[in-house]
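Down below is the structure, laid out as structure tokens.
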Amino acid sequence: MNISENVLSSGSSLASQVHAAAVNGDKGALQRLIVGNPSLKDKEDQFGRTPLMYCVLADRLDCADALLKAGADVNKTDHSRRTALHLAAQKGNYRFMKLLLTRRANWMQKDLEEMTPLHLTTRHKSPKCLALLLKFMAPGEVDTQDKNKQTALHWSAYYNNPEHAKLLIKHDSNIGIPDTEGKIPLHWAANHKDPSAVHTVRCILEAAPTESLLNWQDYEGRTPLHFAVADGNLTVVDILTSYESCNITSYDNLFRTPLHWAALLGHAQIVHLLLERNKSGTIPSDSQGATPLHYAAQSNFAETVKVFLKHPSVKDDSDLEGRTSFMWAAGKGSDDVLRTMLSLKSDIDINMADKYGGTALHAAALSGHVSTVKLLLDNDAQVDATDVMKHTPLFRACEMGHKDVIQTLIKGGARVDLVDQDGHSLLHWAALGGNADVCQILIENKINPNVQDYAGRTPLQCAAYGGYITCMAVLMENNADPNIQDKELICSYLQGRTALHWSCNNGYLDAIKLLLDFAAFPNQMETNEERYTPLDYALLGERHEVIQFMLEHGALSIAAIQDIAAFKIQAVYKGYKVRKAFRDRKNLLMKHEQLRKDAAAKKREEENKRKEAEQQKGQLSTDTPRPQCLPCPPSPQNEPSKQSADPCKQPPAGHTVQGPDPEHSRRSPGRRPGRASHRDCPSDLQETASRKPSETPSEPCRRPSACVPVRACEGGDGCRHRGASSVEKCRGETNGKHQCEEGPSRARQPLSFGSAHPAERGEDSSPASASQQDSPRKPRRRQDRAPRPGGASQKRCVHQLRDRCSPAGSSRPGSARGDLACAEQSPLHHRTPRTKVTQHKLIGGVSSDLPPSTEELRSGCKMLCADVRASTESDVVHSPPPGQTVNIHLLPVEQRLQIIQRERTRKELFRRKNKAAAVIQRAWRRLNYELAPTSSDV
351 MNISENVLSS
361 GSSLASQVHA
371 AAVNGDKGAL
381 QRLIVGNPSL
391 KDKEDQFGRT
401 PLMYCVLADR
411 LDCADALLKA
421 GADVNKTDHS
431 RRTALHLAAQ
441 KGNYRFMKLL
451 LTRRANWMQK
461 DLEEMTPLHL
471 TTRHKSPKCL
481 ALLLKFMAPG
491 EVDTQDKNKQ
501 TALHWSAYYN
511 NPEHAKLLIK
521 HDSNIGIPDT
531 EGKIPLHWAA
541 NHKDPSAVHT
551 VRCILEAAPT
561 ESLLNWQDYE
571 GRTPLHFAVA
581 DGNLTVVDIL
591 TSYESCNITS
601 YDNLFRTPLH
611 WAALLGHAQI
621 VHLLLERNKS
631 GTIPSDSQGA
641 TPLHYAAQSN
651 FAETVKVFLK
661 HPSVKDDSDL
671 EGRTSFMWAA
681 GKGSDDVLRT
691 MLSLKSDIDI
701 NMADKYGGTA
711 LHAAALSGHV
721 STVKLLLDND
731 AQVDATDVMK
741 HTPLFRACEM
751 GHKDVIQTLI
761 KGGARVDLVD
771 QDGHSLLHWA
781 ALGGNADVCQ
791 ILIENKINPN
801 VQDYAGRTPL
811 QCAAYGGYIT
821 CMAVLMENNA
831 DPNIQDKELI
841 CSYLQGRTAL
851 HWSCNNGYLD
861 AIKLLLDFAA
871 FPNQMETNEE
881 RYTPLDYALL
891 GERHEVIQFM
901 LEHGALSIAA
911 IQDIAAFKIQ
921 AVYKGYKVRK
931 AFRDRKNLLM
941 KHEQLRKDAA
951 AKKREEENKR
961 KEAEQQKGQL
971 STDTPRPQCL
981 PCPPSPQNEP
991 SKQSADPCKQ
1001 PPAGHTVQGP
1011 DPEHSRRSPG
1021 RRPGRASHRD
1031 CPSDLQETAS
1041 RKPSETPSEP
1051 CRRPSACVPV
1061 RACEGGDGCR
1071 HRGASSVEKC
1081 RGETNGKHQC
1091 EEGPSRARQP
1101 LSFGSAHPAE
1111 RGEDSSPASA
1121 SQQDSPRKPR
1131 RRQDRAPRPG
1141 GASQKRCVHQ
1151 LRDRCSPAGS
1161 SRPGSARGDL
1171 ACAEQSPLHH
1181 RTPRTKVTQH
1191 KLIGGVSSDL
1201 PPSTEELRSG
1211 CKMLCADVRA
1221 STESDVVHSP
1231 PPGQTVNIHL
1241 LPVEQRLQII
1251 QRERTRKELF
1261 RRKNKAAAVI
1271 QRAWRRLNYE
1281 LAPTSSDV
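In structure tokens form, the structure reads like this:
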């Protein structure tokens, strides 16, 4: 009755009264219901269970017998595919199993887990149900496997039922069948913490004590000894290792032996047993090179470590990374093991380093074990030992943020000013971990908050990279500069990023606000070729909130900055051009000024030389006698008149008295109006000077005359090829008794253009001109011809024309431009007086009495005079000052071109003057021929 209430209260659905009668054991009601409705005998509830199954569960044997007699199906299954026999075997109800088996129940029926009633009978301590079932089973059916490939023997070993194992082995059950994990029944028997499991193990080993069975490895490489050691079952380990074929150093898939597992779990007795029964004499290591001592040390099993250290075969070997068991113990904070090892091994090296340079103190600081750090420092551990990255234990503690360890190390004498191989300081590592308290401790210990590593990164940039706002605030409150740019080299370019670049790149809006509050520059550009600003990083990462915030605070992209910079650069460049032009002009003016000074100095030097030469010439001229005019024989035919006696008052037509300068002559108050310039017509004196002595006509002197030497100008370009010849005319009195003679001393003192000395004209007395002036000239000898009767008037006319216009005596340039010295300026120079008839004939129009060739002569004279005037004007305008030497290579290009053009013009004028001179010569010859005396004249 109580079972029925429990079933109903548990929520089981007994839809029919037949299920209730079966549970309650009401046999009469059950029979009446079945008689009234025979289908109710196999009626299923919501779980698929029949009234027979409920009779088994409620242990209602009489009701079950009534149902079986009424024809109930004995092999009917529920939703889990279990029959009434499964339920009876699970409950270990021997009577129901016997009843069902006698009613031919199927003992090979498998449920959803593919378990048969045989598997279920192994759960109970009593082997009666198993023995009953084995009586009905065939010999090969005992090793039926379930879903996990496990037989009834596996389950017997699992439940540690040695009697069941013996019974199954007796019925030829196979002890070597592996399940889905590769385990045989011995694995399951050894995997028990109960010491009684030794009976099941012994039962299995007695059936087949083979080496393969003892050392059988499952799919994870574990032997039964691994399982026995793992469970700490010393008796099972003892019985397994008692067999000589048992491999104590067998590796599992983790390369761990049973001794590793015993050390890891701290089974000191098992460790001692395994060490004693280890016949190899070597302590194996795992895949990392760690020995069982490493495992015992890191787990702080001091007793186990003591067992290892006392055994003679055990040594504190290093693993593959060079770490000893002492380092493992320090890294795990195993203070008891450390004390045990320090006490048992006096030769232990506390500062021994691994392959990376780390010591036991490094490991303890990294793990944050303050007590271990103190223990190591008390035993003289080196506080500033560095590894391969130049990290001290303090670096490890700062990286992990172990505040107590940091303070302990600093008190122990650790240096805070060291940097690692990348230039990172302790503050860098603390900022990378976001440890604000550690940053504050380090800053209090005099670490610069703006310290930079070898890439130029500051602790603030490291904190900004991770977005650690608290750490950033601590740094900037201690005067960390947010605008420092790094110097990271990527692809040969320095990046130049700031903390704001990193925050914008990672989208840390709170960090950006904090940086801007501490005066971070929002438009700082990188130093690489991209020149990105923080806003550009936000744009690349599509950080919309960051972009909006940065724009509100005046941030610009690189494109906007380039536009602004373009205008600035243009303005600066214009200013640069102006300053450069000013400097160039200034330099040019200074250069010209220097050239002028050099020229002036050279001019002064030449002037001094010229003055010295003139002084020497002056001394020489004072010693030379002056020339005297010899009296000419008187001529009775030509008596001078008073009107023509003064040639200075009435000069012949075509002659002009020229002073030192044409301009001076125009401005001279002594010039008379109506006189023509010397450029209008060449002088007859030049004609006489250019002729040979044999061609010079002799004319009787009418009065005492002076010698008027004429020399070409030396100042201009047109006067370069002029000769320094002197033309002398001797005009006597009308009686013809005296003849003009010129001495050599007078020839050495030529006069030019009314200037008595070269110094008065500002000209240079070059050695060439001096030698030309000093050379004595031979006096011109005039051979008087006997005047023919009747031809005196005709000859006089010819001489008058010669006085008016003389042909060019030389084809050299400037030879036709000789000037006459004014007789008024020198009392020694006089012009020959002419008769009234000759003057009247010349003034009154001699062209009417002369042949037509005279007109050609006039035109030639006009052409020559025009060329001379043009050349003289050109020389006056463009010629350099007299006495000044000009180096053409120092002149600008424009002036060089002007000089070249002037030379071309001069050559053209020279060609034209030669042509005019040729015309004049031809006309003059023709005129001489036409005016020659004839017989009629005689």
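Numbering follows this note's numbering, in which position 223 of the sequence shown is assigned residue number 573; successive positions increment by one, without gaps.
Just so it is clear, CB atoms sit at the ideal spot from N, CA and C, and this is done for glycine as well.
Contact between the segment 588-595 and the segment 632-646 is absent, with fewer than three C-beta pairs closer than 8 Å. When the five nearest sequence neighbours on each side are left out, the beta carbons in the same chain lying within less than 7 Å of the beta carbon of residue 529 are those of 498, 499, 500, 504, in order along the chain.
Per the coordinates, the alpha-carbon of residue 470 lies some 11 Å from the alpha-carbon of residue 432. In the DSSP assignment, residue 764 falls outside any alpha helix (DSSP H) and carries neither an H nor an E. Distance between residue 736 and residue 707, taken at the CA atoms: about 7 Å.
Residue 674 is not a Cβ neighbour of residue 720, given a cutoff of 9 Å.
Close CB contacts of residue 803 within its chain, under the 8 Å cut and outside five residues either way in sequence, are with 769, 772, 773, 774, 775, 778 (chain order). Using a C-beta cut-off of 8 Å, the segment 1257-1267 makes no contact with the segment 954-969, since fewer than three inter-stretch Cβ pairs fall below that distance.
Using a Cβ distance threshold of 9 Å, residue 641 and residue 617 do not count as a contacting pair.
Contact annotation: residue 792 and residue 822 have beta-carbon atoms that are not nearer than 9 Å. Burial state of residue 926 is exposed, judged by a 10 Å Cβ sphere holding fewer than 16 other Cβ atoms.
Taking residue 604 as reference, the option from 637, 734, 661 with the minimal CA-CA separation is 637.
With contact defined as three or more Cβ pairs closer than 8 Å, the segment 690-702 and the segment 737-744 are not in contact.
For residue 475, the number of other beta carbons within 10 angstroms of its own is below 16, and it is reported as exposed. The residue among 409, 893, 656 with its C-alpha nearest the C-alpha of residue 619 is 656. Bridge pairing for residue 775: 769 [DSSP]. Look at residue 676 here: in three-state DSSP terms it is helix. Residue range 512-520 is occupied by the alpha helix (DSSP H) that includes residue 513. A straight line joining the alpha-carbon of residue 429 with that of residue 403 spans about 12 Å.
Looking at the backbone, the Cα of residue 830 and that of residue 870 are separated by about 11 Å. Membership of residue 691 in the alpha helix (DSSP H) is indicated by the continuous run 685-694.
Rounded to the nearest whole angstrom, the C-alpha separation of residue 564 and residue 734 is 53 Å. In this model, residue 466 and residue 627 are separated by some 43 Å (Cα to Cα). For residue 848 against residue 832, the beta-carbon gap comes to about 7 Å, under 8 Å, which counts as contact. The beta carbon of residue 887 sits closer than 6 Å to those of 851, 854, 855, all from its chain and outside the five residues before and after it, given in chain order. A residue is called buried when at least 16 other Cβ atoms come within 10 angstroms of its Cβ; residue 862 meets this threshold and is buried.
Counting only residues of its own chain and dropping the five nearest sequence neighbours on each side, residue 762 has a CB closer than 6 Å to the CB of 727, 733. If you draw a straight line from the Cα of residue 1246 to the Cα of residue 953, it is about 21 Å long. Closest by C-alpha distance to residue 828, out of 868, 858, 859, 554, is 868. Residue 746: member of the alpha helix (DSSP H) spanning 743-750, first to last residue.
The Cβ atoms of residue 586 and residue 545 lie closer than 9 Å to each other.
Of 523, 889, 385, 814, the smallest CA-CA separation from residue 858 is found for 814. Residue environment analysis places residue 785 among the buried positions, since at least 16 neighbouring C-beta atoms fall within 10 angstroms of its C-beta. As for any alpha helix (DSSP H) of minimum length 4 sitting wholly inside the segment 613-668, the runs are 618-626, 642-648, 652-660, ordered along the chain.
Here residue 533 is buried, its C-beta having at least 16 other C-beta atoms within 10 Å. Judged by DSSP in its simplified three-state form, residue 739 adopts coil rather than helix or strand.
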